[in-house]
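Quick notes on the structure that follows.
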Amino acid sequence: MKKQLNTKEQWFADTQEEAEKIVLDAKEEFPDELIGYSIQEKSNKSGEYFLVKLDMKFNTPAGIMKVS
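For the sequence shown, the positions run 122 to 189 when the numbering used here is used.
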């Protein structure tokens with residue numbers, strides 16, 4: 122058997138409001154799985170942007186073994 126335990130996602134946003142919307146949508150879609158997030162303001166030669174990182178945990182090895 123193969124089960125996913127956790128995942129990390131990174132999202133790009135042009136504005137702070139878009140970045141906060143990404144986090145809000147993740148909280149609504151994955152209320153129990155979202156264990157952490159960060160919004161970082163970044164810049165490069167093309168301009169400024171926001172990097173959104175989402176950490177999600179779907180299960181633990183012990184949790185999977187109990188169900189099986």
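Quick reminder that beta carbons are idealized off the backbone N, C-alpha and C, glycines included.
1. Could you tell me the alpha carbon to alpha carbon distance between V144 and T181, rounded to whole angstroms?
2. Can you tell me whether K123 is helix, strand or coil according to DSSP?
3. For the structure I just gave you, are there three or more beta carbon pairs, one from the stretch 153-170 and one from the stretch 127-137, closer than 8 Å?
4. Output needed for F179: all residues of its chain with C-beta closer than 7 Å, excluding positions within five of it in sequence on either side, in chain order.
With the structure as the only source:
1. Computed Cα separation, rounded: 23 Å.
2. DSSP, read as helix, strand or coil, puts K123 in coil.
3. yes
4. Q125, L126, N127, E154
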